[in-house]
Every structure is written in structure tokens, then in C-alpha cells.
């Protein structure tokens, strides 16, 4: 295996349009993921994301947006520009399957470190999104205070 890629998914008990909006609208994302964004995720936009736990700015280059179906963007990971793809699928009982992939890194020490950290990160993103949308709980609040410098 030459390249490493992250894949994870989770079903959320909310309609697809609510899930989509929670991912692209910064005022909603700030309830479970980021603290700030320079704008709504729209095709072709360059944004800056800030996180509540970390003192850095993350550049995000939005690629493609298909309403209620698909979101893709590039973001920086230690000098590597990586593609994130989020796919939404309608499921029974008015729920939504959220599938995320991030790619790719070389199968080496740096790649394995990325795979471990970002696999955890995307799983956490999905759990926090589910908690926010289904129960109006911000699981991230205070969760990573121990990592602040």
C-alpha cells in the first residue's frame, strides 16, 4: 500500500438538509467543531477556520458543494494539502449517513502519525455532530483543554 487514506462514517437521526447545514454554516459548526470561520462553505471559497482548543488558523479551500449531498475541501496538514470529502446519504426514518474520507499521505512514519491523529479527529467530528444535532450537546467543550499550550 503506497498511500494512506482515512474513511469513517456515522448515521445521524436528522434529515439530510439539517445535517448539511450543520456542516457548511459556521454558526452551527461552532457548536461542535470549530470556534470561527471566515464564511459559509461555498464552492470556490477560501476560508480560515479557528478551533477553540488550539491557537492556529487552518486554511480551507472549498472545492465542490452539492446541496444536501456532497462537500469537498482541501486543508493543510504539516505542509501537505489534503482532500476531505463528505458525502451525505438519506436513510430510513429521516436519518442521514455521513461518510468522510481524507486523502492521502505516504505510508511512512509521518503518514502513519497523520492516519492515527486524523482518524481519531474525524470520528470525533462525527460523534460531536451527532450529539449536537440529536441532543443539542457540545461534546467538544472542554474536551481538549489539556492540549492547550
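In the numbering used here, the protein residues as written are 48 to 196. Backbone N, C-alpha and C define an ideal beta-carbon position, used for all residues, glycine too.
Let's test the definition: count the other Cβ atoms within 10 Å of the Cβ of residue i and tell me whether it reaches 16, buried, or not, exposed.
i, result
"residue 190", "exposed"
"residue 159", "exposed"
"residue 88", "buried"
"residue 136", "exposed"
"residue 177", "buried"
"residue 152", "buried"
"residue 172", "buried"
"residue 193", "exposed"
"residue 67", "buried"
If you follow the alpha helix (DSSP H) that residue i is part of, which residue opens it and which one closes it?
i, result
"residue 173", "156-182"
"residue 65", "63-71"
In this structure, does DSSP put residue i in helix, strand or coil?
i, result
"residue 185", "coil"
"residue 75", "helix"
"residue 139", "helix"
"residue 193", "helix"
"residue 106", "strand"
"residue 147", "strand"
"residue 88", "coil"
"residue 153", "strand"
"residue 133", "strand"
Whose C-beta lies closer than 6 Å to the C-beta of residue i among residues of the same chain, with five residues either side of it excluded?
i, result
"residue 166", "53"
"residue 131", "120, 149"
"residue 85", "94, 95"
"residue 179", "78, 79"
"residue 126", "none"
"residue 107", "94, 96, 120, 122"
Looking at the unbroken beta strand (DSSP E) that takes in residue i, where does it start and where does it end?
i, result
"residue 115", "It is not in any beta strand (DSSP E) - residue 115 carries neither H nor E in the DSSP assignment."
"residue 52", "50-59"
"residue 95", "93-97"
Apart from the five residues just before and just after residue i, which ones in its own chain have a Cβ nearer than 8 Å to its Cβ?
i, result
"residue 117", "111, 132, 133, 134, 135"
Excluding the 5 residues preceding and the 5 following residue i in the sequence, name in chain order all residues of the same chain whose CB lies nearer than 7 Å to its CB.
i, result
"residue 109", "88, 89, 90, 91, 92, 94, 120"
"residue 169", "53, 55, 147, 149"
"residue 115", "63, 64, 67, 135"
Segment contact, 8 Å Cβ cut-off, at least three pairs: the stretch 55-75 with the stretch 140-152
Judged by Cβ distances under 8 Å, the stretch 55-75 makes contact with the stretch 140-152, as three or more pairs qualify.
Does the stretch 174-187 come within contact of the stretch 75-85, defined as at least 3 CB pairs closer than 8 Å?
Yes: at least three Cβ pairs fall under 8 Å.
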